[in-house]
Amino acid sequence: MKLKNPIYIIQALLDIEVKQFQLIENLLSEFTRKQSWDFRNEPAGPEVKANFLALNFLVGAKGFYMRKINL
1464 MKLKNPIYII
1474 QALLDIEVKQ
1484 FQLIENLLSE
1494 FTRKQSWDFR
1504 NEPAGPEVKA
1514 NFLALNFLVG
1524 AKGFYMRKIN
1534 L
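Under my numbering, the first residue of the sequence shown is numbered 1464, with each subsequent residue one higher.
Dropping the structure here:
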C-alpha cells in the first residue's frame, strides 16, 4: 500500500489542501466579480459562503473537510 510511506501520506494531505485552497480561491473570485455593478443582476450561488469557507480554512476549523460544498 502506498500510504505506508510517510512521503505519500504528506503528498496526499498536501493535494487535499491545494484542492481546497483552489476551490475557495475560485469562490472568492466569483464573489468579488458579482459585487461589480456590471454583474449585480446575476443570481447568487455557492460563492456567497466563500468568506465563511475561507475563514474556516485559514483557522483550521474542526470538521472543515467533512463539509459538503455544493457547487
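All C-beta atoms, glycine included, are put in the ideal place defined by N, C-alpha and C.
Keep in mind it's a predicted model, so treat the numbers as computed, not measured.
For E1480, the uninterrupted alpha helix (DSSP H) segment begins and ends at P1469 to K1497.
Straight across, the Cα-Cα distance linking F1515 with N1468 is about 35 Å.
The DSSP-derived three-state label of K1512 is helix.
In this model, L1518 and I1473 are separated by some 23 Å (Cα to Cα). Our two residues, K1512 and E1505, have alpha carbons roughly 16 Å apart in a direct line. Less than 9 Å separates the beta-carbon of F1527 from that of Q1483.
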